[in-house]
Structure formats: structure tokens, C-alpha cells
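Reviewing the structure listed below.
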Amino acid sequence: MTASEKPALACDIVMKGGITSGVVYPLALVELSRKFRFANIGGTSAGAIAAAAAAAGEYGRGKAGAGFDRLAQIPQEVGPNLLSMFQAKPALKPLFNIFLAALKAKSQASAVLIAAIRGYRASAAAGVLPGAIIAVLALHDGWGAGAVLFGLLLALVGLVVALIWRLWKAANVDLVANDFGLCPGIRQPGSTMEGFTDWLARLIQEAAGRTVAADPLTFGDLEAPPDNAPPIQLAMMTTSLMEQRPYTLPMDNDRFFFRRDEWDKIFPDEIMSFLVRTCGRFTPPAGEAGEFYHFPTRAQLPLIVGARMSLSFPGLISAVPLWTRDFTLIEGERDKLRRCLFSDGGLSSNFPIHFFDRLFPNTPTFAISLDEYDAKRNYSDVWLPELAASGSQLPILPFSGLAAFLMRLVYSAKDWQDNLQSILPGYRERIVHVVLKPDEGGLNLTMNRQTIEKLVDYGKRAGSLLRDDFNLEEHRWRRFLVSMARMEETMEEVASAYAQVPGQFGAFLEDFMRDRAPYRQPPAPPADKPPYTQDTRSRVDEMLKRADELVALGTTWRTPPTIGGGNIPRPATHLRITPKY
4 MTASEKPALA CDIVMKGGIT SGVVYPLALV ELSRKFRFAN IGGTSAGAIA
54 AAAAAAGEYG RGKAGAGFDR LAQIPQEVGP NLLSMFQAKP ALKPLFNIFL
104 AALKAKSQAS AVLIAAIRGY RASAAAGVLP GAIIAVLALH DGWGAGAVLF
154 GLLLALVGLV VALIWRLWKA ANVDLVANDF GLCPGIRQPG STMEGFTDWL
204 ARLIQEAAGR TVAADPLTFG DLEAPPDNAP PIQLAMMTTS LMEQRPYTLP
254 MDNDRFFFRR DEWDKIFPDE IMSFLVRTCG RFTPPAGEAG EFYHFPTRAQ
304 LPLIVGARMS LSFPGLISAV PLWTRDFTLI EGERDKLRRC LFSDGGLSSN
354 FPIHFFDRLF PNTPTFAISL DEYDAKRNYS DVWLPELAAS GSQLPILPFS
404 GLAAFLMRLV YSAKDWQDNL QSILPGYRER IVHVVLKPDE GGLNLTMNRQ
454 TIEKLVDYGK RAGSLLRDDF NLEEHRWRRF LVSMARMEET MEEVASAYAQ
504 VPGQFGAFLE DFMRDRAPYR QPPAPPADKP PYTQDTRSRV DEMLKRADEL
554 VALGTTWRTP PTIGGGNIPR PATHLRITPK Y
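First residue of the sequence shown: 4, per the working numbering; consecutive thereafter.
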């Protein structure tokens, strides 16, 4: 089957973040598309780029030159152009070149120093000048070797101090002004090449079978694909730094607003024209200066905006600013707009394998993980768990040095939930692992074409493994065992908790609500009374009835033989109420 044909089988896909590691994904998606239709697609950071491309490819499936045939061309585009897509803001270009020199030279400090001198010539010259003058005068007037040496030493110290000062200014002033990223994402002045946001916006349009000049593909469009095709669900992660919390895109709220002049700097003109035309103008109650618009609704939100908000890797790619009101503040401050920066979704969940999860799945939710290479562990560059226990333990990854220690603290804090989720039964067997060496993917913007082609091949193999070797029926059996054992334990907890309440479960609720007839919230409830009174007696009666049924079910499930006493896949699981994000 070719990628353009419409398969009968459906699957979901979730892709991990990894900056340049995202070149793994296009051919993986192409291979999977030969057997499956993508119903639900999700990702973070570089995985969000791939997710947007996959959604556009599914939307445009069957159209000439579009769909997954268009995605198959990505490696040939990215291979020779990867570095050129990352274009620093002009004021930050010297800092970007220093970063590139560090990547290329690895431990060679001289290359970094040369890049710094070239980037900040005026500062370097100013730092060297006093010492150079002394050295020249000492030579000219015969002050002696000591004076010459002092002048040269002063020139060296002056150079170092001047560069340190200029780097500090670049990091603390220029980088901050660009919302903590070197690259805004769109083409910068003086460049003839596309920025990565320009390129991705064009790719999405072409994969969807649209022209660049047409309205951008939106999340709303995915809900009604052409030719009566089934709807496509797309989800991405982003992180609100000011709120210190994740969001799933698209967001189902109207709290946020964007300021046009800020978004003009990070999105292409055609995207901004669409947003200004379709998003309602917002007048700030406190009268802040600027042209504000409501953040796009689900139907209006272009895929490129969601991907860009998920991709904002700190330091490299500038964050996306939005504005909102803070109702936790005192009365006189609530109407003022507060600026929020949305950064890399990977800060909250770099591998959102929980996307699209179901208690009893009828279709697979595949996932592609990007792992660290270890010669003592990895027997293949690409692997899919084959045995029941495969992938059930997290690898022990050593580190050395202070910098590595600090980075491990960060990774442990942000990734522990994703890591534990990925080793659970019902999850681990649907994750294909792509193993990357230190010079492959990640922040390696300077990868040569041969290395990029190797990563592309990894992706093709990963897609083929999931397509050909994944056993859906065995997966469903494992999920059934795990889900039933988990539900049994939850029912036991319910029954045990309310066994101490006299009479039926509803007894204490009856006492609680005895004086609250007619079960409707009063205009001003007393401070000690919760304001969640129900509106009818029949609703309360039905709640009590169902609660009794829940407790009765828990009591019944206690009866041996219990499900948890059988041969259930490990490790054990929790069932918790957690906030939606």
C-alpha cells in the first residue's frame, strides 16, 4: 500500500521532543501511513513539529503532491538546510556563532575565543587598547622588557574582561529582550533562506494540499477533513513560565490575548494576516498600549502557532508571549494585563504518552522515544520491546562533573512522570526506541548530511517496526489485565473508606444537606457552607443511589478470587484525580 491510499486501520501516534532529533520522524510517519490512518496525533517540541506535519499529511492524504508524499520529501530539504533555518536575531548573531563554535569544536576553547573576538570586535579592541598602547610605548621608548610584558599582560586581561562584559550584556540584555531565545524563528534581515517557522508553515500548507497564500490549516479544519474523512485530533504541550504549569494545545479557554507587534516578530506575514482578520480585537480594561487580540479559539488556531508555542527551546528559540489578567491580585490590580511567556512543552512533558490513552484500547497509540546511546546496553539503534518484561526498568545512566550533575537535577525534576509512565505495561510495548549517540540530534545544529541521513534511516526503521511487528491483541490483553486489577483495587479502597459510615453511603450526605432544601445555592451562602448545592432533589437522589452502587460493587469485588491476586503485569499503577492541562 502506498502512503497516498486510505487504509482501513487507524492508529494514534505520540512523538518525543528533541530539537534536531526530529529528523527521525518524517519517514517513520510515512511508513506507518502505509498501513494506518492517523486518528490522534500528539507531540512536544520537535515532536510537535512532526505532529503538525503528520496532521497536515493526513488531512491532505490522496492529493497529488500533498499528504505523506510531501512528508517523504522532508529529509532532502532538511539535510542541506538545517543550520540555515536557525537564524539568530541580528543583535544576537555573535552569541549564536559562539554557540556554534562550541558545538563544532567541543572542548577547544580557542575556537570559542576566536568566535567571541570576531563577534564583538569593537569590545575586544577597546579591551586590548590600553595594554597595547603601553606595550608599544615601552618598545618605542626603551622602557625595558618588564614594561613590555606588563603591557601585553594588561592587553590580555583587558581582552578577557571586555569579552566577559560584552557576553554578559548579550545574555542579560539582548537575549532577555528577545524573550530568552537566540532565534525568533522567521527569516531575519539579510538572509535569503527561510527560518524554521517559515519553512514549517509552508510545509503544513503543502502537505494539506493548500497554497501558502491560502488560509493556514487550523485545528478546526482537522475536525472536518475533505471527502468526509474521519476527524483528526492533534494535541501539543507548551509551558507557561509565569504560571509554572503546562497547557495542552489547543486551549479551551479565553483567558489569553496576543499583542500584534510581538507576534509579528515570530510568525510569518500570512499567518499574522489571518490571525488579525479572524481573532477579535481586545481592548484592555486598564488601557495598556498596543494592539491586542484574543488568542485563537480551537477552530481558529493555526497548526503552526501550536507547534511554535511547543517548540520554544529555552536559550535557542525565543518564547511566545501572551497576556492575561491575574485575578489572584488585589482589586485594583486585577484589570491590568500581565505578560506570560510560553516556552518548550518539554519542560512540562517531553514525552506525553498519556495523550489519547483509553482504559480499554481498540486501536494502538504508538509512541517514538529518543534515547541516549550506551554501548553496554543498546543492542540496536532502533528497537521495540519483544518480551513481556522488556522495557519495564529505567536504565541507570551515570554522569560525572558538576555541570552534568546540575543537568541531571533538571531532567529528573521535569521528566520523572514521563519516564515512569513509559515503563508501565500497556505503554512500554507500544514505544519504539531510537537510540542516538552524543553527536546525533539534540542541539547538534551542525550535523553533516551523512549524520542527518542516518537519523532519517532510524526513523524509517522505527516506522516499519511499529507497522509490522506490533501485536495489538497482546497489547489489549495486557491493558485489560492492568485496568481490571487497578479498578479492583480502587473499588476496594471505596468500600473500605465508607464501611465506617453508619448505614448507607448516603447517610452522611443526607446529614450534610439536611438544612439545604430546596437544594439550590442561595444568593449568599454562609462562609462555612460549600457553594455547590444541587438544583433538584431528584439529582441528589440519583447521586446517592449511584454512590451506593459504587460501594456495593467494591464490596462484591473483594470476594476471592481477586483479580490482583493473579498474574498481572508489573509495575503496579495508581488511579488518581489530576487536573486537566
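Ideal Cβ positions, reconstructed from N, Cα and C, are used throughout, including at glycine. Bear in mind that the values here come from a model prediction, so they are computed numbers and not experimental data.
For TYR250, DSSP records a beta bridge to THR241. Counting along the chain, the unbroken beta strand (DSSP E) around THR327 starts and ends at 323–328.
Of all alpha-carbon atoms in ASP360, ALA58 and LEU405, the one lying nearest the alpha-carbon of ILE207 is that of ALA58. By the neighbour-count definition (other C-beta atoms within 10 Å, threshold 16), ALA238 is a buried residue. When secondary structure is reduced to three states using DSSP, ARG361 falls in the coil class, being assigned neither helix nor strand. The residue among GLY318, SER393, GLU443 and SER315 with its C-alpha nearest the C-alpha of GLU375 is GLU443.
Note: VAL437 is bridge-paired with LEU373 and VAL385 in the DSSP secondary-structure output.
DSSP places MET18 outside any alpha helix (DSSP H); the residue lies instead in the beta strand (DSSP E), whose first and last residues are 12–18. Here the C-alpha atom of GLY68 lies approximately 34 Å from the C-alpha atom of LEU185. Each residue's CA atom was taken as its position, placing GLU226 and ARG301 some 10 Å apart.
Using a 10 angstroms sphere on the CB of PHE261, the tally of other CB atoms reaches 16 or more, which defines it as buried. The Cβ-Cβ distance between ALA322 and PHE295 does not fall below 8 Å. For ARG489, the closest C-alpha among the options THR565, ILE455, VAL179 and PHE473 is that of THR565.
For PHE483, the enclosing alpha helix (DSSP H) stretches over residues 475–501. If you draw a straight line from the Cα of SER395 to the Cα of GLY20, it comes to about 21 Å. DSSP, read as helix, strand or coil, puts PHE354 in coil.
Taking a 10 Å sphere around the C-beta of THR331, we find fewer than 16 other C-beta atoms and assign the residue as exposed. Of the candidates LYS339, SER126 and ALA500, the residue whose Cα lies closest to the Cα of TRP171 is SER126. In the structure shown, ASN175 falls within a helical segment according to DSSP collapsed to helix, strand and coil. Annotation: the continuous alpha helix (DSSP H) that includes ARG121 extends over 112–122. Contact check between the region 281–299 and the region 192–203: fewer than three CB pairs, one atom from each, fall below 8 Å, which does not count as touching.
Taking a 10 Å sphere around the C-beta of LYS92, we find 16 or more other C-beta atoms and assign the residue as buried. Taken through DSSP and simplified to helix, strand or coil, SER395 comes out as coil.
Taking the Cβ atoms as the reference, THR200 lies roughly 6 Å from ARG311, within the contact range of under 8 Å. For ARG464, same chain residues with a beta-carbon under 6 Å away, outside a window of 5 residues either side, are VAL385 in chain order.
A direct Cα-to-Cα measurement between GLY45 and ILE16 gives close to 6 Å.
Segment contact: the region 127–136 against the region 154–169, three or more CB-CB distances shorter than 8 Å; contact assigned. Excluding sequence positions up to five before and after ILE101, its CB lies within less than 7 Å of the CB of VAL115, ALA118, ALA119 and GLY122, all in the same chain and listed in chain order. When DSSP assignments are scanned along the region 537–568, the uninterrupted stretches of alpha helix (DSSP H) that are 4 or more residues long and fall wholly within it turn out to be 540–560.
Note that the C-beta distance between ASP182 and LEU95 is not below 8 Å. Judged by DSSP secondary structure, ASN84 falls within the alpha helix (DSSP H) whose first and last residues are 77–88. Nearest Cα to GLY25 within the set LEU553, LEU306, ALA56 and CYS14: ALA56.
Here the alpha carbons of SER313 and GLY290 stand approximately 30 Å from one another.
Between the region 21–41 and the region 464–483 there are three or more C-beta pairs closer than 8 Å, enough to call the two in contact. Annotation for PHE71: the continuous alpha helix (DSSP H) segment containing it runs 70–74. Non-local beta-carbon contacts of THR576 in its own chain, meaning distances under 7 Å to residues more than five positions away in sequence, involve LEU427, VAL485 and ARG489 in chain order.
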